[in-house]
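With the first letter of the sequence shown counted as 1, position 24 gets the number 189 in the working numbering; the numbers rise by one all the way through.
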Amino acid sequence: MTKILVTGTSAGGIGEYIVRYLLKNTHAEVIGVARRAAEYGDRYTHIQGDITNAETLEKIKAAVGDKLEGAIFNAGVLGDLARIESSDVDGVKKVFEINYFAPILLTKALLPALRAAKGRAIYTSSLASDHVIQGWTAYSGSKAALNSFVGILGAEEPEIVALAIDPGVVDTPMQTSIREEQLHKLSKEDQKQFSEFKERGLLVNPEDSGKAFGNLVLGAKKEWSGKFLPWNDPDFNCLTLS
166 MTKILVTGTS AGGIGEYIVR YLLKNTHAEV IGVARRAAEY GDRYTHIQGD ITNAETLEKI
226 KAAVGDKLEG AIFNAGVLGD LARIESSDVD GVKKVFEINY FAPILLTKAL LPALRAAKGR
286 AIYTSSLASD HVIQGWTAYS GSKAALNSFV GILGAEEPEI VALAIDPGVV DTPMQTSIRE
346 EQLHKLSKED QKQFSEFKER GLLVNPEDSG KAFGNLVLGA KKEWSGKFLP WNDPDFNCLT
406 LS
């Protein structure tokens, strides 16, 4: 049976919708990893823990076994938004630990199984990695680093497909947090933009995001490996991949 591992599967985020799409539309066994408990029914195995913890990594490797057809590295945090002068360096380090170092650790642990299955590794990145947004030092920097890592992984590992994806501005708790808790920390221009995403109905439906990632982990093409691409790029419309 095809096995797919998904990180960051707590309720409400992109990971939840990835899992639901895979369970509904494929016959894959889905292994989810998150710091909080989650239950999605048959064919779903949940591992609760921190990916940077050695014990959690061993549990993941045991659940995966010798072959892994796909992995979606989706877990991530926004962190506190702050201008550089007032930023908390420890907070920045924590964001990098979750958004950058944890995917490296997990990728290293899973590479033998991914190679054996000629699998696909899909990483949730962000357009913020390539755009200047005041106050986003930690998040933008961590995602830019992740894109670089994926490029190197694609070059080093020709047996697998590695791809970093910008999921768009998705209607998840992260966007709610920006609007309701951290909007005042942004520039006036960015405040207007993030407010309008919701007011004008411009947020990506998380079900579409789940479908896109689900299709990519099963159908991403070899020539895309190592790239950073937006989920709705017309050159690889992942909503219609089969």
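Built from N, CA and C at the ideal position, the CB exists for glycine as well. Source: prediction; values computed, not measured.
Reduced DSSP category for residue i - H, G, I as helix; E, B as strand; rest coil
| i | result |
| --- | --- |
| residue 301 | strand |
| residue 322 | coil |
| residue 289 | strand |
| residue 242 | coil |
| residue 328 | strand |
| residue 170 | strand |
| residue 210 | strand |
| residue 257 | helix |
| residue 232 | coil |
| residue 368 | coil |
| residue 415 | Not covered by the structure: residue 415. The range shown for the chain is 166 to 407. |
| residue 237 | strand |
| residue 247 | strand |
| residue 265 | helix |
| residue 317 | helix |
| residue 225 | helix |
| residue 202 | coil |
| residue 274 | helix |
| residue 407 | Caution is warranted here: a pLDDT of 49 is assigned to residue 407, below 50, making its placement in the model unreliable, and the coordinate value is therefore given only provisionally. Three-state DSSP puts residue 407 in coil, outside helix and strand. |
| residue 307 | helix |
| residue 398 | coil |
| residue 294 | helix |
Extent of the continuous alpha helix (DSSP H) to which residue i belongs
| i | result |
| --- | --- |
| residue 372 | 371-384 |
| residue 283 | Per DSSP, residue 283 belongs to no alpha helix (DSSP H) and is neither H nor E. |
Cβ-based burial, residue i [other Cβ within 10 Å; buried from 16]
| i | result |
| --- | --- |
| residue 234 | buried |
| residue 245 | buried |
| residue 231 | exposed |
| residue 206 | exposed |
| residue 190 | exposed |
| residue 323 | exposed |
| residue 172 | buried |
| residue 334 | buried |
| residue 176 | exposed |
| residue 258 | exposed |
| residue 407 | Confidence at residue 407 is low in this model, with a pLDDT of 49, below 50, so the placement of that residue should be treated as unreliable; the coordinate-derived value is given next. Under this definition residue 407 is an exposed residue. |
| residue 217 | exposed |
| residue 331 | buried |
| residue 398 | exposed |
| residue 305 | buried |
Residue i: first and last residue of the uninterrupted beta strand (DSSP E) it sits in
| i | result |
| --- | --- |
| residue 188 | Per DSSP, residue 188 belongs to no beta strand (DSSP E); it is in the alpha helix (DSSP H), 179-190. |
| residue 194 | 194-199 |
| residue 392 | 392-395 |
Legend entry - Stretch-stretch touch, CB-based, cutoff 8 Å, three pairs: the region 231-245 with the region 282-294: Yes, the region 231-245 touches the region 282-294.
Inset, instruction - Check whether the region 199-213 touches the region 384-396, counting contact only when three or more Cβ pairs, one atom from each stretch, lie closer than 8 Å. - result: With a cut-off of 8 Å, the region 384-396 and the region 199-213 do not count as touching, because too few Cβ pairs lie within range.
Inset, instruction - Evaluate the contact criterion for the region 244-259 versus the region 271-278: three or more CB pairs, one atom per stretch, below 8 Å. - result: Contact between the region 244-259 and the region 271-278 is absent, because fewer than three Cβ pairs lie under 8 Å.
Legend entry - the region 169-187 / the region 292-301 touching (three or more Cβ pairs under 8 Å): Touching, no, given that fewer than three Cβ pairs across the two stretches are closer than 8 Å.
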